[in-house]
Amino acid sequence: MRSYKTEMLEILKEGGYGEDIKDIVSRIEQYFDVDTKIKDREGVAVPYLDYYFVGLPMIAQMTKLTQIQSDILNMVSEVFADLLSVRLSEIASFSNYTTLLELDRSVIFSGEVFKGSVVLGRKDDSTKPNEVKLKVGGRPLGKDEYEITEGKVKLNVRTKSTGDYKITGSLIFLEEGKTIEVPVNSSFSVIERPNTAVISAEKMNVVYRGVDNPISITIPGVPNNKVVATAPGLVRENGKYILRPGNGREVVIKSSGNIDGHIITSQKVFRIKDIPRPLGTISGQSDIVRFPKNNIKISTIGAKLEDFDFEMKLLVTSFKLSVPGLPSVT
Numbered sequence: 021m022r023s024y025k026t027e028m029l030e031i032l033k034e035g036g037y038g039e040d041i042k043d044i045v046s047r048i049e050q051y052f053d054v055d056t057k058i059k060d061r062e063g064v065a066v067p068y069l070d071y072y073f074v075g076l077p078m079i080a081q082m083t084k085l086t087q088i089q090s091d092i093l094n095m096v097s098e099v100f101a102d103l104l105s106v107r108l109s110e111i112a113s114f115s116n117y118t119t120l121l122e123l124d125r126s127v128i129f130s131g132e133v134f135k136g137s138v139v140l141g142r143k144d145d146s147t148k149p150n151e152v153k154l155k156v157g158g159r160p161l162g163k164d165e166y167e168i169t170e171g172k173v174k175l176n177v178r179t180k181s182t183g184d185y186k187i188t189g190s191l192i193f194l195e196e197g198k199t200i201e202v203p204v205n206s207s208f209s210v211i212e213r214p215n216t217a218v219i220s221a222e223k224m225n226v227v228y229r230g231v232d233n234p235i236s237i238t239i240p241g242v243p244n245n246k247v248v249a250t251a252p253g254l255v256r257e258n259g260k261y262i263l264r265p266g267n268g269r270e271v272v273i274k275s276s277g278n279i280d281g282h283i284i285t286s287q288k289v290f291r292i293k294d295i296p297r298p299l300g301t302i303s304g305q306s307d308i309v310r311f312p313k314n315n316i317k318i319s320t321i322g323a324k325l326e327d328f329d330f331e332m333k334l335l336v337t338s339f340k341l342s343v344p345g346l347p348s349v350t
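Numbering (the numbering used here), first residue to last: 21 to 350.
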């Protein structure tokens, strides 16, 4: 009995239950205490074996042994029940839960009603899935792209391009020999990291007729591949917009994008101007030019656009030479 008590206490100690099982330990020590002497009818303290077995008939000794066997079985049942109660208390304890925020949309605009739900989620190691089958953007995750800690699957995925990414798949658990799959279906958006400020001169929204005007169109919070822009003469080439305005004095560029089902629209008006009148040159010089008479014969007549932001090469096909007092010569 002494060995049985010692082994039982060692097993409970190795289980790491601590103060939660002090009542169980106390009962085991009390039930199987064979070292404390017991007082007989005369008040004399005698050893455990002498009190229950020495000088007693066989039937009394057998009855005591049967009682000891029954006490052992009862104690085992009580220990199992108490340990199960302790474990269930740990599982149900709110200290093993954390709060999670579920959002109807990942982006909220100023003035809108925020809609979301705060839910409880377990964070202890007992909810560790036996297998993780997840895909991000249709690509299966490698084992180096996630880790499992405190019942959570922490993702560590590098995104290479902007756009919407879906997280799909399942977490697989084994319960009583059966496989249970918990489906995963979520999403997130990737947008370009801002690295410049948006600065514009409100009075100089100008495009020029006859040249390719590069146009940058973005909507904050919307991936570039989700932005749709339209305007007369607007085309998209190699991921960039080019505007080739036609007739008229103004052109309106309209843009739209989708964020979590919410359509964002915007428009901007640009003035259309013609290419500035070219300025004639002789040997690359304009205004008042002084040459030796003989140099004029070998000079080249050209034209340029002064202070014009677009690079344009102008070819002179004809020109007029005017000399005071003489008719012009073409």
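Think of the CB as a built atom: it goes at the ideal place given N, C-alpha and C, for glycine as much as any other residue. If you're wondering where the values come from, they're calculated on a predicted model, not measured in any experiment.
Does the Cβ-Cβ distance between Ile235 and Ile284 come in under 8 Å?
-> By one-based count along the sequence shown, residue 235 stands at place 215. By one-based count along the sequence shown, residue 284 stands at place 264. Result no, Cβ atoms of Ile235 and Ile284 do not sit closer than 8 Å.
Among Ile88, Met82, Tyr166, Ile41, nearest to Val54 - alpha-carbon criterion = What you label residue 54 is simply residue 34 of the sequence shown in a count that begins at 1. Ranking the options by Cα distance to Val54, first place goes to Ile88.
Under 8 Å between C-beta atoms of Phe208 and Asn150 = One-based indexing of the sequence shown puts residue 208 at position 188. One-based indexing of the sequence shown puts residue 150 at position 130. In this structure, Asn150 does not lie closer than 8 Å to Phe208 by Cβ.
Any idea if Ala101 is buried or exposed, counting beta-carbon neighbours within 10 angstroms, 16 or more meaning buried?
-> Start at 1 with the first residue of the sequence shown, and residue 101 comes out as number 81. Looking at its Cβ environment, which holds fewer than 16 other Cβ atoms inside 10 Å, Ala101 is exposed.
Ile187 versus Val177, Glu196, Ser181, Glu195, residue with shortest Cα-Cα distance = Here residue 187 corresponds to residue number 167 of the sequence shown, with the count starting at 1. Answer by Cα proximity: Val177.
Go to Gln50, then tell me how far its alpha helix (DSSP H) extends in each direction, as first and last residue.
-> Walking along the sequence shown from the start, residue 50 turns up at place 30. Start and end: 42-51.
Spatial neighbours of Lys288 in its chain, beta-carbon cut-off 6 Å, leaving aside the 5 residues before and after = In the sequence shown, residue 288 corresponds to position 268, counting from 1. For Lys288, where only same-chain residues beyond five positions count, the Cβ hits under 6 Å are Ile273.
DSSP on Phe100, reduced to helix/strand/coil?
-> Position 80 of the sequence shown, counted from the start, is the residue given in the question as residue 100. Three-state DSSP puts Phe100 in a helix.
Give the DSSP-derived three-state secondary structure of Glu62 in the structure shown.
-> Residue 62 sits at position 42 when you count from the first residue of the sequence shown. Of the three classes helix, strand and coil, the one that applies to Glu62 here is coil, per DSSP.
Taking only runs of the beta strand (DSSP E) that begin and end inside the stretch 241-297, which ones reach a length of at least 3 residues, in chain order?
-> 248-250, 254-257, 260-263, 270-279, 282-293
Between the beta-carbon of Val271 and the beta-carbon of Ile262, is there less than 8 Å?
-> Taking the sequence shown and counting its residues from 1, the one referred to as residue 271 is at position 251. Taking the sequence shown and counting its residues from 1, the one referred to as residue 262 is at position 242. Result no, Cβ atoms of Val271 and Ile262 do not sit closer than 8 Å.
Which parts of the stretch 148-205 are runs of the beta strand (DSSP E), unbroken and 3 residues or longer, counting only runs that do not cross its ends?
-> 151-156, 166-169, 172-175, 183-195
Can we say the stretch 117-124 touches the stretch 49-69, given the rule of at least three CB pairs closer than 8 Å?
-> no
Helix, strand or coil at Asn233 [DSSP, three-state] = As a first step, residue 233 must be located in the sequence shown, where it is residue number 213. Three-state DSSP puts Asn233 in a strand.
Go to Leu32, then tell me how far its alpha helix (DSSP H) extends in each direction, as first and last residue.
-> If you number the sequence shown from 1, residue 32 lands on position 12. Looking at the DSSP string, the run of the alpha helix (DSSP H) that includes Leu32 is 22-34.
Starting from the Cα of Val210, find the closest Cα among Lys180, Leu161, Thr238, Gly253 and give me that residue.
-> Indexing the sequence shown from 1 puts residue 210 at position 190. Comparing Cα-Cα distances from Val210 to each of Lys180, Leu161, Thr238, Gly253, the minimum goes to Lys180.
Helix, strand or coil at Leu120 according to DSSP, with G and I counted as helix = As a first step, residue 120 must be located in the sequence shown, where it is residue number 100. In this structure, Leu120 counts as strand in the three-state DSSP scheme.
Ignore the nearest five residues each way along the sequence and tell me which others in Tyr8's own chain have a CB closer than 7 Å to its CB.
-> Outside the modelled stretch of the chain, which goes from 21 to 350, sits residue 8, for which no answer is possible.
Using 8 Å as the threshold, is the stretch 238-249 in touch with the stretch 297-306, meaning 3 or more CB pairs across them?
-> no
Provide the residue(s) that pair with Arg370 in DSSP beta bridges, ordered along the chain.
-> Because the chain spans 21 through 350 in this model, residue 370 falls outside it and cannot be assessed.
Report yes or no: do three or more beta-carbon pairs, one from the stretch 290-298 and one from the stretch 318-338, lie closer than 8 Å?
-> Flag = yes, the stretch 290-298 and the stretch 318-338 touch.
CA-to-CA distance, Ala249 to Thr199, given in whole angstroms = As a working mapping, residue 199 is identified with position 179 in the sequence shown. As a working mapping, residue 249 is identified with position 229 in the sequence shown. Each residue's Cα considered, the two are about 50 Å apart.
Coil, strand or helix - Thr301 by DSSP = The sequence position of residue 301 within the sequence shown is 281, counting from 1. Looking at Thr301 - three-state DSSP - the assignment turns out to be strand.
Hey, would you say Ser190 sits closer than 8 Å to Lys153, going by beta carbons?
-> By 1-based counting over the sequence shown, the position of residue 190 is 170. By 1-based counting over the sequence shown, the position of residue 153 is 133. Less than 8 Å divides the Cβ of Ser190 from the Cβ of Lys153.
Run through DSSP, which three-state label would Ile321 get?
-> Working through the sequence shown from its first residue, we reach residue 321 at position 301. Strand.
8 Å contact criterion, which Thr182 and Asn245 should meet: CB distance rounded = Taking the first residue of the sequence shown as position 1, residue 182 is located at position 162. Taking the first residue of the sequence shown as position 1, residue 245 is located at position 225. Right, the Cβ-Cβ distance comes to about 6 Å (below 8 Å), so this counts as a contact.
Which value, in whole angstroms, describes the spacing of the CA atoms of Lys84 and Lys25?
-> The sequence position of residue 84 within the sequence shown is 64, counting from 1. The sequence position of residue 25 within the sequence shown is 5, counting from 1. Answer to the nearest angstrom: the Cα atoms are 18 Å apart.
Do Tyr354 and Lys174 have their C-beta atoms within less than 8 Å of each other?
-> Nothing can be reported for residue 354, as the shown portion of the chain is limited to 21 through 350.
Where Leu341 sits in the DSSP three-state scheme | Along the sequence shown, read from residue 1 onward, the residue named residue 341 stands at position 321. Leu341 falls in the strand class under three-state DSSP.
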